[in-house]
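The working numbering numbers the first residue of the sequence shown as 100 and each following residue consecutively.
All C-beta atoms, glycine included, are put in the ideal place defined by N, C-alpha and C.
These figures come from a predicted structure and were not determined experimentally.
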Amino acid sequence: MYREITVAVAIVTDKEGNLLALRKKNASYFTLPGGKIDQQETPLKALIRELSEELNLAFNSCDFEFLGRHKTNAANEVNTSVEGYIFRLTKSIHQAVYPYNEIEEIAWLSKSSYKNYKLAHLLSEFALPKWLNNLV
Numbered sequence: 100m101y102r103e104i105t106v107a108v109a110i111v112t113d114k115e116g117n118l119l120a121l122r123k124k125n126a127s128y129f130t131l132p133g134g135k136i137d138q139q140e141t142p143l144k145a146l147i148r149e150l151s152e153e154l155n156l157a158f159n160s161c162d163f164e165f166l167g168r169h170k171t172n173a174a175n176e177v178n179t180s181v182e183g184y185i186f187r188l189t190k191s192i193h194q195a196v197y198p199y200n201e202i203e204e205i206a207w208l209s210k211s212s213y214k215n216y217k218l219a220h221l222l223s224e225f226a227l228p229k230w231l232n233n234l235v
């Protein structure tokens, strides 16, 4: 059986321009911060909720810019496609970020270190090219 999931995720950078990626418990691939959209929830509201639940960070809707949607195979779930609503946090993070709740590991990817990580398709196909070309 093939499943489809819809998520809201964000490209988040620190003051040095490093890209935030995270790996959930029992997952092999690093993803962008965010998560699944609940019924009756807008993508932006889901993103703000997920960032609070996963990283204990608080943001407002005005802190994000919508970049687009991308559909691909889910890296951490078998027989599943994922459609992502991708946003960009319009300000850089100036505070320490720690794993919280279901997050196992956090990584700040630099433009020289990102190749050392197993990246999920949504991150590698959509966000990575924009970040590497300084488009976000």
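Which residues does DSSP pair with residue i in a beta bridge?
i    : result
H169 : G183
T105 : E182
D113 : I192
F163 : L188
A206 : A120
Excluding the 5 residues preceding and the 5 following residue i in the sequence, name in chain order all residues of the same chain whose CB lies nearer than 6 angstroms to its CB.
i    : result
S191 : T112, D113 and K114
A126 : N175
CA-CA distance, residue i and residue j?
i    : j    : result
A107 : L222 : 12 angstroms
N233 : G116 : 9 angstroms
K229 : K124 : 27 angstroms
G183 : F163 : 15 angstroms
S180 : L227 : 19 angstroms
Y213 : Q138 : 34 angstroms
K135 : T141 : 11 angstroms
L208 : M100 : 34 angstroms
What would DSSP say about residue i, mapped onto helix, strand or coil?
i    : result
L221 : helix
E42  : Residue 42 falls outside the range modelled here, since the chain spans only 100 to 235, and no answer is possible.
K144 : helix
E176 : coil
L119 : strand
L154 : helix
L234 : coil
A226 : helix
Compute every distance between the C-beta of residue i and the non-hydrogen atoms of the ligand FAD, then say whether any falls below 8 angstroms.
i    : result
A226 : By its list of ligands, the structure shown contains no ligand whatsoever, and the ligand FAD lies outside what it can speak to.
Tell me the residue span of the beta strand (DSSP E) that contains residue i.
i    : result
K135 : G133 to K135
Going along the chain, which residues of its own chain have a beta-carbon closer than 7 angstroms to the beta-carbon of residue i, five neighbours each way excluded?
i    : result
A157 : S151
A174 : Y128, A219 and H220
K210 : L231
R187 : A109, I110, F163, E164, L166 and V235
Using a Cβ cut-off of 9 angstroms (strictly closer), state whether residue i contacts chain C.
i    : result
Y199 : The chain inventory of the structure shown lacks chain C, comprising one protein chain alone.
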